[in-house]
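Peer 1: Pasting a structure below so you can have a look.
There are 4 protein chains.
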Amino acid sequence: MNLSDQYILVRERTESICRPLETEDYVVQPIVDVSPPKWHLGHTSWFFETFILKPHVEGYTEFNPDYNFVFNSYYESVGARVIRTDRGNLSRPTVADVYRYRAHVDEAMRNFLKDEQMSVNLHELVVLGFNHEEQHQELLCTDIKYILGHNPLFPAYGKSIYGPGYSGRNDGKTGRLRVIEWVSNPGGVAEIGHDGKGFCFDNELNRHRVYLQPYAIAPGLVTNKEYLEFIEAGGYEDFCYWHSEGWDWVNKNKVKAPLYWYHFDDAGEAPDADAPGEWMYYSWQGLQLIEPNDPVCHVSYYEAAAYASWKGARLPTEAEWEVASPELDWGKRWEWTESAYLPYPGFVKAPGAIGEYNGKFMISQMVLRGASEVTPPGHSRPTYRNFFHPSARWQFTGIRLAR
Amino acid sequence: MNLSDQYILVRERTESICRPLETEDYVVQPIVDVSPPKWHLGHTSWFFETFILKPHVEGYTEFNPDYNFVFNSYYESVGARVIRTDRGNLSRPTVADVYRYRAHVDEAMRNFLKDEQMSVNLHELVVLGFNHEEQHQELLCTDIKYILGHNPLFPAYGKSIYGPGYSGRNDGKTGRLRVIEWVSNPGGVAEIGHDGKGFCFDNELNRHRVYLQPYAIAPGLVTNKEYLEFIEAGGYEDFCYWHSEGWDWVNKNKVKAPLYWYHFDDAGEAPDADAPGEWMYYSWQGLQLIEPNDPVCHVSYYEAAAYASWKGARLPTEAEWEVASPELDWGKRWEWTESAYLPYPGFVKAPGAIGEYNGKFMISQMVLRGASEVTPPGHSRPTYRNFFHPSARWQFTGIRLAR
Amino acid sequence: MNLSDQYILVRERTESICRPLETEDYVVQPIVDVSPPKWHLGHTSWFFETFILKPHVEGYTEFNPDYNFVFNSYYESVGARVIRTDRGNLSRPTVADVYRYRAHVDEAMRNFLKDEQMSVNLHELVVLGFNHEEQHQELLCTDIKYILGHNPLFPAYGKSIYGPGYSGRNDGKTGRLRVIEWVSNPGGVAEIGHDGKGFCFDNELNRHRVYLQPYAIAPGLVTNKEYLEFIEAGGYEDFCYWHSEGWDWVNKNKVKAPLYWYHFDDAGEAPDADAPGEWMYYSWQGLQLIEPNDPVCHVSYYEAAAYASWKGARLPTEAEWEVASPELDWGKRWEWTESAYLPYPGFVKAPGAIGEYNGKFMISQMVLRGASEVTPPGHSRPTYRNFFHPSARWQFTGIRLAR
Amino acid sequence: MNLSDQYILVRERTESICRPLETEDYVVQPIVDVSPPKWHLGHTSWFFETFILKPHVEGYTEFNPDYNFVFNSYYESVGARVIRTDRGNLSRPTVADVYRYRAHVDEAMRNFLKDEQMSVNLHELVVLGFNHEEQHQELLCTDIKYILGHNPLFPAYGKSIYGPGYSGRNDGKTGRLRVIEWVSNPGGVAEIGHDGKGFCFDNELNRHRVYLQPYAIAPGLVTNKEYLEFIEAGGYEDFCYWHSEGWDWVNKNKVKAPLYWYHFDDAGEAPDADAPGEWMYYSWQGLQLIEPNDPVCHVSYYEAAAYASWKGARLPTEAEWEVASPELDWGKRWEWTESAYLPYPGFVKAPGAIGEYNGKFMISQMVLRGASEVTPPGHSRPTYRNFFHPSARWQFTGIRLAR
């Protein structure tokens, strides 16, 4: 597919995810991690405008110079910006304005992409823009789920062509029987990282050798039913399974179950984990009973590690995961690993603002491997390094055991 | 006018204030004091539903039982509620839903108000509902101004029939010459408070005697031009004019001017009070130059008291204000007084939830007297006691001197 | 008594209060309201050094110029100072150094006070210094009690000649029978405030007329036994008795009883108000059972007002209190009034740093009247206006009812 | 040396570090990371009492049962404890009481250690107690430095036999010429970790293979002079060298230089990094000019990484460091590495409370290698893994470059 068609496809996919939303859903930011959907729509357009159109297209007219302030995410090189916690305080630009902004950028980009003499660097930048937009497609899904799933009316999202509610490649794998419990690996020198053919993010480079100890890894993910056993065994009340920081997090936030799990009393009114009744789960279709065989979702690193400790196991390292990946059933959840997010050997930041893409976040975060039910298809590769703070739960995160 | 017509009028006035808004403007809550406009629309309907329709209209069908949780403001007697800081996190109910809720309540209320045999108590409750809605009309104005005036695009509000932009009874007074500087009062025993004829809030009762020392009070309000002299004389940098708590507030919040005053540099980009250039002010029509002869607006009690101290004067007490009110040019600004908000002699809380209306706020707040350019006409009476924390600035607050 | 003897007496009394302390007790600051005892010892000396010795005694040699930074409390006019929350972080100057500082100042002051030609202004300043030191004597008592009473070992303080444990003039009154329940007053014009003969603080001036409504006031204070009835009736669990701000305070701080009241379980280990067992109270002699007939102590304004509301009564205003004071049994507790701390008519701040003494605190605080078991004798006068934020409990505060 | 003599030596060394202190210095806790010296003295005694004497010595009489509450650090298995931020609020037990507690424990321990038939497990536990006490010796030094170095009087510490001011084995290395700039390593499979012969902490186990890329590492540490170039080149004002989290940390805390670096104006009064004048440094002897050739000290991970980035280099990984260590001049500073603190392959927590020693901290921290001028001699081994949060600066931390 040529660049122009790819562009149209990726841009359309973003809007398709938002189609079931009400205007009001585009605006709010219930927690700092969540961005308003209209911000994602604007920011992804701003990315193309700032890094492609303004520097490389003669005569391009900026849609609105104030939008740089509104839609810059974290690029210090590109000027002042709305602080992250304020994104949900902005009623303007309106949703309609943001769609007009997208249309303005799209027209300029489509014209630009007709040019077949593009330099390699510029081509790479365009492809980075596609991948950037795809990352925000996943964030749109997680943020929309948070906005709806924390509303006291628990509205359903419904179905989309792509994204939330979309039944894509990963779904076929759900039912795979877990006939063996552990996949074994004898260890030794192995290679991980991207070989640089085709697109990858800079944090996947370079491909390099690692030394693995002999290990075993579970082919399937931990299920709701299995995780419920941990809850019922008092896992959230016994510090001995937890990191010290995790135990503080549990107590400070009164955590008793994964995010989006609710217990209701008989009157069906106030959510309360102590009340009698069955566990409910907020899904794209609204509140429903927990599905026992689904892989557990929306757990923090702390919870993943505590569960593993309770089972007498541990989480895999990212190298163990990558080497074993051909034998694993993966793609339903982002899987917490026991690896901190640090640069690979020989990692170099790109010059300029693009160099802020990944490198400056390589501290205090843990690597997640795999992909989730809302990951765009092209982002499901064994070398992909996702990363979040250990307390993050609003992503579609799950647990795989190793030992 | 009969109750039913009054009801229609007061309800229409609320919606009229919102008419110039975009859907997105109804949703956000940039600071905790500000409520999203759709919350005001819902809450005022909830008030009639909860206190009139549900207890007094047989067969009334609640619009949506979950709305009690969403639209209760602070009535502990009426069950759990969304915490105040979360109001701006709720995308649902949508604006359209809220208007449907209003229509549902309006229809039931109109039917109910046809009944001419209403008890006195019930009649009083209905009138309280009108006054309650009018108080929220003023809050709608102040909250809309904050939402638009703190948006980096500074959108104009435009004109409304009533409310923001409305040129009502008070406007004629702006130009009145202040031919005398001070109105004198010899002091002695005087009476203040409402006499109970016609509607008043419980905090205005009872009418009672007070003893006043001889005093003088300024007939007009402090103007922008006068306040600018205080700024330029370094008033915000000299602790000697400030209460200790006010001085901490100035330094912690880096306050350098009233709310909505901005200084821009030549490039017109980043707001910065230190930059050269003229003071701009966010008005209903967007950013404009400060109007020197307008009464200064959007100041805290701390600023009002510091200004008075710098002038070698003080703020009037609420009793001084009320007694002198026939000789004052008032109605453009809520005027900070030197009186704390405390119960009048003989004050009693009404039984039940209505008793939570005023009494429980009688601590740590200061009384404001007068009315402002966005006060509904019926709320401009000399006995009206408005009250806010000394740091509040998003109301249309101003300064009058006494000595 | 001449000034020099008075000086010696007042200074000795301060040190006498500290005599039972261990060196370590002088150093800590468990909450921001509490200052380390060595800070009080230094600050009261700094007051004489800064306002008397340095400006008025030729050739006086400052003990240590850095001490101005360490021992200035809140006088903005006198330069930078250690922020209040840091006082407990300073191990130096040592306690011995601080006593050397006192001795240095005392010697210079004694020489200075021999001069019989002192100007009236200077004489007033010296007397202000005495009263200032006496105020800090009371704070020393409250702060020492907090330091010891919040230590998990609950050490006893023991006895002092003056101050904590001291059985002075007030004690004789404890047993007075409360034969009548209410003292009545017909109201009308009355006078309050200090007449300016003899020492008073500037906030007691001027004597002025007020108008009182007819009222009744209780001759005695609310006792522990009476307050316990409020606790046992669920007073802390029912919002209807509380100010909104007070109810938030109760819930945020999980308040279930006055400060220094503890419930212990059978093992006697962890303090927990929910546990079975009797209420204990930390007194100067360590933990002991609640004494039912003692006036309740260490309650906030919120608690005082809630108790009054539960009894169908209210707190008196400061004017009501002052006018009725000859008929009241007072002096055991600082009594919360329903009056905010605001300037009396005609109040003027003194010029210079001394003007910062009272005026700048006249916002967001409530007036307390009376005196407590740790108030220096000279501070027990009917016009004395004490003031604290409504949440303060570490003072010896109590409750008197009015209606 | 037999166990008993070792015990005496290690306990004496702790007290020797405290000998120059004033009583007041033992009490305060200026930041949460710092513990009061008397707490360290008590806690190390509590460790022997809790893990050796109470479970293993028949008839041992606890010194004071309340001390378990006061001196437990973080062992959830051993009951409730004073929360960390409250340690500096406790004036009791007094310093003298704590020394009595030490004497009581010492006597019991000396008797116990005469027994020559001790089990291997118990012997290991005793040795762990020695190493635990030695770790607290280093913390005593860092905490004392913070207490004195943040006091506005900047008192000198003076000299001790061991610890602060002590000129031990490491000092000889200071002057070593750095004749080569980089030590090269060809990479490949290597082994790191402790072989289990002799004492080590559980986090150093097991010895295992790793794969290293070819790398170069600096034989010496970055000096004050070199770091000053970074400051003067505007390193603290240019985000491009910093992690995102580090840049926030710089701005929030207004960091402009390493901890303990001060700039004074001509009047010598207020510390202010912007003022003209030379950089001063708080050392054990008080404030002195920066020594250009000393290795830079008291920097955070953020600063270390930003400096490395500015130099076009990076920090070494812990494996790189350990493998190269025979060729490095190390032992003056704890050196930040680019490795997160995570379990080695095959790491297992010990059962019971001792299992809380290290494992539960293996998240959100970075590894430091080497040793510092206040590290007890026995803790200087190439396999030792120290760890702190990336913002910690009060340890004696420094920078080594790699590439």
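Going down the list, the sequences are from chains A, B, C and D. Mapping of the first sequence onto this note's numbering: residues 230 to 632, in sequence order. Mapping of the second sequence onto this note's numbering: residues 230 to 632, in sequence order. Mapping of the third sequence onto this note's numbering: residues 230 to 632, in sequence order. Mapping of the fourth sequence onto this note's numbering: residues 230 to 632, in sequence order. Even for Gly, the Cβ is constructed at its ideal location relative to N, Cα and C.
1. Please work out which residues of its chain come closer than 6 angstroms, Cβ to Cβ, to W268 (chain A), disregarding the five sequence neighbours upstream and downstream, and give them in chain order.
2. Check this for me: beta carbons of I628 (chain C) and Y536 (chain C), under 8 angstroms apart or not?
3. Taking the alpha-carbon of R436 (chain B) as reference, which of B:G575, B:W565, B:S264 and B:P249 has the nearest alpha-carbon?
4. When you compare the CB of F170 (chain A) with every CB in chain D, is at least one pair closer than 8 angstroms?
5. Compare the C-alpha of H352 (chain B) against each of B:E291, B:E363, B:H285 and B:G599 and name the closest.
6. Within its chain, find whatever has a CB closer than 6 angstroms to the CB of F459 (chain B); leave out the 5 residues flanking it on each side and keep chain order.
7. Keeping to the same chain, check which residues put their C-beta closer than 6 angstroms to that of E241 (chain C); ignore five residues upstream and five downstream.
8. Apart from the five residues on each side of it in sequence, which residues of its chain come closer than 6 angstroms, Cβ to Cβ, to Y304 (chain B)?
9. Take N432 (chain A) and list the residues in its own chain whose beta-carbon comes closer than 6 angstroms to its own, dropping the five residues that flank it on each side.
10. What distance in whole Å lies between the Cβ atoms of T626 (chain D) and C469 (chain D), which are believed to be in contact at a cut-off of 8 angstroms?
11. In terms of residue numbering, what span does the beta strand (DSSP E) encompassing I421 (chain C) cover?
12. Identify whether W471 (chain D) lies in helix, strand or coil by the three-state DSSP scheme.
13. Closest to V355 (chain D) by C-alpha separation, out of D:Y236, D:A569 and D:I592, would be which residue?
14. Along the segment 313-344 of chain C, where does the CB come closer than 8 angstroms to a CB of chain D? Name the residues.
15. Taking only runs that begin and end inside the segment 503-528 of chain C, name each unbroken alpha helix (DSSP H) of 4 or more residues, in chain order.
16. Which same chain residues end up closer than 6 angstroms to A542 (chain D) when comparing Cβ atoms and leaving out the 5 residues on each side of it in sequence?
17. Hey, R313 (chain B) and F298 (chain B): beta-carbon distance below 8 angstroms or not?
18. Just checking: is the beta-carbon of L571 (chain A) within a distance shorter than 8 angstroms of some beta-carbon in chain D?
19. Exposed or buried, which one is F338 (chain D) when buried takes at least 16 other CB atoms within 10 Å?
20. Under the rule that 16 or more other beta-carbon atoms within 10 Å means buried, what is A273 (chain D), buried or exposed?
21. Of all the residues that make up the segment 438-450 of chain D, which are near chain A by a beta-carbon distance shorter than 7 angstroms?
22. How is the alpha helix (DSSP H) around I446 (chain D) delimited, first residue to last?
23. Of the choices C:M230, C:Q366, C:V552 and C:R321, whose alpha-carbon is the least far from that of L250 (chain D)?
24. Taking the DSSP output, what are the residues bridged to N615 (chain D)?
25. May I ask you to list, following chain order, the residues of the segment 473-486 of chain B that have a beta carbon less than 8 angstroms from some beta carbon of chain C?
26. Once you ignore the five residues that flank N231 (chain C) on each side, which residues in its own chain have a CB closer than 7 angstroms to its CB?
27. With a 10 Å radius around its C-beta and 16 neighbouring C-beta atoms as the bar for buried, classify L518 (chain A) as buried or exposed.
28. I'd like the list of long-range same chain contacts for A502 (chain A), defined as Cβ closer than 7 angstroms, with 5 residues on each side in sequence excluded.
29. Would you please verify whether the beta carbon of P619 (chain B) is less than 8 angstroms from any beta carbon of chain C?
30. Does any C-beta atom of chain B lie closer than 8 angstroms to the C-beta of F430 (chain C)?
31. Could you list which residues in chain D have their beta carbon closer than 8 angstroms to that of E305 (chain A), in chain order?
32. On the DSSP bridge list, what partners appear for S413 (chain C)?
33. To test your reading of the DSSP string, which unbroken beta strand (DSSP E) runs of 3 or more residues are found completely within the segment 243-319 of chain A?
34. Should E474 (chain A) and I260 (chain D) be called a contact, given that it needs their Cβ atoms to be closer than 8 angstroms?
35. Identify each residue in the segment 285-304 of chain C for which the Cβ-Cβ distance to at least one residue of chain D is less than 7 angstroms, and report them in chain order.
36. Cβ of G575 (chain B) less than 8 angstroms from any chain C Cβ?
Peer 2: Let me spell this out:
1. For the purposes of this step, residue 268 (chain A) is identified with residue 39 of the first sequence, where counting begins at 1. So the qualifying residues of the chain are R316.
2. Residue numbering aside, residue 628 (chain C) sits at position 399 when the third sequence is read from its first letter. Residue numbering aside, residue 536 (chain C) sits at position 307 when the third sequence is read from its first letter. The answer is yes: Cβ separation under 8 angstroms.
3. Here residue 436 (chain B) refers to the residue found at position 207 when the second sequence is read from its first residue. If we check each option's Cα against that of R436 (chain B), B:G575 comes out closest.
4. This structure does not reach residue 170 (chain A), given that chain A is present from 230 up to 632, and the question cannot be answered.
5. Taking the first residue of the second sequence as 1, we reach residue 352 (chain B) at position 123. That would be B:H285, whose Cα lies nearest to the Cα of H352 (chain B).
6. The residue given as residue 459 (chain B) occupies position 230 in the second sequence. Counting only Cβ-Cβ distances below 6 angstroms, and skipping sequence neighbours, we find Y536 and W539.
7. As a position in the third sequence, residue 241 (chain C) is number 12, starting the count at 1. Cβ neighbours of E241 (chain C) beyond the five flanking positions: none.
8. The count along the second sequence starts at 1 and reaches residue 304 (chain B) at position 75. These residues qualify, in order along the chain: A582 and E585.
9. Within the first sequence, numbered from 1, the residue matching residue 432 (chain A) stands at position 203. These residues qualify, in order along the chain: N587 and R614.
10. Here residue 469 (chain D) corresponds to residue number 240 of the fourth sequence, with the count starting at 1. Here residue 626 (chain D) corresponds to residue number 397 of the fourth sequence, with the count starting at 1. At roughly 23 angstroms, the Cβ-Cβ gap does not stay under 8 angstroms, so C469 (chain D) and T626 (chain D) are not in contact.
11. For the purposes of this step, residue 421 (chain C) is taken as the residue at position 192 of the third sequence. That run of the beta strand (DSSP E) goes G417 to I421.
12. Counting from 1 along the fourth sequence, the entry for residue 471 (chain D) is found at position 242. If DSSP states are grouped into helix, strand and coil, W471 (chain D) belongs with coil.
13. For the purposes of this step, residue 355 (chain D) is identified with residue 126 of the fourth sequence, where counting begins at 1. For V355 (chain D), the nearest C-alpha among the options comes from D:Y236.
14. D315, G317, N318, L319, S320, R321, P322, T323 and V324
15. none
16. As a working mapping, residue 542 (chain D) is identified with position 313 in the fourth sequence. Answer for A542 (chain D): L630 and R632, listed in chain order.
17. Sequence index remark: in the second sequence, residue 313 (chain B) carries index 84 (1-based). Sequence index remark: in the second sequence, residue 298 (chain B) carries index 69 (1-based). Taking 8 angstroms as the Cβ cut-off, R313 (chain B) and F298 (chain B) do not qualify as a contacting pair.
18. Along the first sequence, read from residue 1 onward, the residue named residue 571 (chain A) stands at position 342. Interface residue, yes.
19. Along the fourth sequence, one-based indexing puts residue 338 (chain D) at 109. According to the sequence as given, residue 338 (chain D) is Met; it is not Phe. M338 (chain D) comes out buried.
20. Within the fourth sequence, residue 273 (chain D) is the residue found at index 44, counting from 1. Contrary to the premise, residue 273 (chain D) reads as Thr rather than Ala in this sequence. T273 (chain D) is buried by the Cβ-count criterion.
21. R438, V439, Y440 and Q442
22. The residue you call residue 446 (chain D) lines up with position 217 of the fourth sequence. Taken as a continuous stretch (DSSP letters only), I446 (chain D) belongs to no alpha helix (DSSP H), being part of the beta strand (DSSP E) at Y444 to I446.
23. Your numbering for residue 250 (chain D) matches position 21 in the fourth sequence. For the residues C:M230, C:Q366, C:V552 and C:R321, the minimum Cα distance to L250 (chain D) belongs to C:R321.
24. Numbered from its first residue, the fourth sequence carries residue 615 (chain D) at position 386. Bridge partners of N615 (chain D): D:L597.
25. S473, E474, G475 and W476
26. Position 2 of the third sequence, counted from the start, is the residue given in the question as residue 231 (chain C). Around N231 (chain C): no qualifying Cβ.
27. As a working mapping, residue 518 (chain A) is identified with position 289 in the first sequence. Counting Cβ neighbours within 10 Å, L518 (chain A) comes out exposed, since fewer than 16 surround it.
28. Your numbering for residue 502 (chain A) matches position 273 in the first sequence. Because the pLDDT of A502 (chain A) is 44, which lies under 50, any placement of that residue in the model is unreliable, and the question is left without a value.
29. Residue mapping note: residue 619 (chain B) aligns to position 390 of the second sequence, counting from 1. Yes - at least one Cβ of chain C is within 8 angstroms of the one on P619 (chain B).
30. For the purposes of this step, residue 430 (chain C) is taken as residue 201 along the third sequence, with counting starting at 1. So no, F430 (chain C) is outside the interface.
31. Taking the first sequence and counting its residues from 1, the one referred to as residue 305 (chain A) is at position 76. Ordered by position in chain D, the residues that pass the 8 angstroms Cβ test against E305 (chain A) are F468, C469 and W476.
32. Stepping through the third sequence from its first residue, residue 413 (chain C) is reached at position 184. According to DSSP, S413 (chain C) bridges with C:A445.
33. none
34. For the purposes of this step, residue 474 (chain A) is identified with residue 245 of the first sequence, where counting begins at 1. For the purposes of this step, residue 260 (chain D) is identified with residue 31 of the fourth sequence, where counting begins at 1. No, the pair does not count as a contact, with Cβ atoms beyond the cut-off.
35. D295, F298 and V299
36. Along the second sequence, one-based indexing puts residue 575 (chain B) at 346. So yes, G575 (chain B) belongs to the interface.
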